[in-house]
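Chains as they are written, first to last, in our numbering: chain Z, 203 to 316; chain L, 64 to 177.
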């Protein structure tokens, strides 16, 4: 039972355009949502997070939007750069009894074409 | 500053053997978590340790165990290896819960069971 779903395995975008990566979740108890970027042979790198009480968080070229009623979040990258080509993971945190577990989606491979 | 370091980077084991993976967190980080990433999937939570105590355990069999040492480094042990244990094992550290600033991941240990 996948609690965090990334339904697009891959996405291709032209350099300079907007990349939109989508994520859906089923567990309404998630407290925070995070996006990670992963290059081959490296561990995931934290990009940006958003609290479940917010609907938008922005950091430079990266913006995350959260729609709680739809249980949907998205990551916008503007403008997209070739160096953004990587696998992007959506993750969610549940906190309880002092434990913080990340639940990941399967990832979306973003290719930014020069 | 050193990031999260994991050792070894790669290893090959035979079914039924035991393996120990090691992780050193970022200096000052007191929480260490372990994740398993099978090819084509997102990382899956195995354990979290904070201040040397187990704070969370994912849905993994008892063949998986871990511990955290006084210097906050950690070991993941897997007994009676199965072919299905072949995966990238990721260690992540954080100051505390990791919700706002995210977890910092190491590059992982690639385990192949033959």
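Cβ coordinates follow ideal geometry from the N, Cα and C atoms, glycine included. Owing to the predicted nature of the structure, the values given are computational and were not obtained by experimental measurement.
Test: residue i CB closer than 8 Å to a CB of chain L
| i | result |
| --- | --- |
| residue 302(Z) | yes |
| residue 228(Z) | no |
| residue 223(Z) | no |
| residue 305(Z) | yes |
| residue 277(Z) | no |
| residue 288(Z) | no |
Counted within 10 angstroms of its Cβ, other Cβ atoms place residue i as buried (16 or more) or exposed
| i | result |
| --- | --- |
| residue 73(L) | exposed |
| residue 145(L) | exposed |
| residue 245(Z) | buried |
| residue 106(L) | buried |
| residue 305(Z) | buried |
| residue 167(L) | buried |
| residue 291(Z) | buried |
Contact belief for residue i with residue j at Cβ below 8 Å, rounded distance in angstroms
| i | j | result |
| --- | --- | --- |
| residue 171(L) | residue 303(Z) | No, residue 171(L) and residue 303(Z) are not in contact; Cβ-Cβ is about 18 Å, not under 8 Å. |
| residue 235(Z) | residue 213(Z) | With 8 Å as the limit, residue 235(Z) and residue 213(Z) do not qualify as a contact, their Cβ atoms being about 19 Å apart. |
When the options are compared against residue i, the one with the closest alpha-carbon
| i | options | result |
| --- | --- | --- |
| residue 126(L) | 142(L), 79(L) and 134(L) | 142(L) |
| residue 309(Z) | 294(Z), 315(Z) and 316(Z) | 294(Z) |
| residue 311(Z) | 208(Z), 296(Z) and 204(Z) | 208(Z) |
| residue 150(L) | 174(L), 167(L) and 166(L) | 174(L) |
| residue 89(L) | 123(L), 117(L) and 159(L) | 159(L) |
| residue 273(Z) | 219(Z), 216(Z), 316(Z) and 231(Z) | 231(Z) |
Range of the contiguous beta strand (DSSP E) that encloses residue i
| i | result |
| --- | --- |
| residue 153(L) | 150 to 157 |
| residue 195(Z) | With chain Z covering only 203 through 316, there is no way to say anything about residue 195(Z). |
| residue 138(L) | 137 to 141 |
| residue 131(L) | 127 to 131 |
| residue 119(L) | 116 to 120 |
| residue 226(Z) | 221 to 227 |
| residue 111(L) | 107 to 113 |
| residue 232(Z) | Run containing residue 232(Z): none; DSSP gives neither H nor E here. |
| residue 73(L) | 73 to 76 |
| residue 252(Z) | 247 to 253 |
Closer than 8 Å to chain Z by CB, residue i
| i | result |
| --- | --- |
| residue 166(L) | yes |
| residue 131(L) | no |
| residue 106(L) | yes |
| residue 178(L) | Since the displayed chain L opens at 64 and closes at 177, residue 178(L) lies outside it and no answer follows. |
| residue 111(L) | yes |
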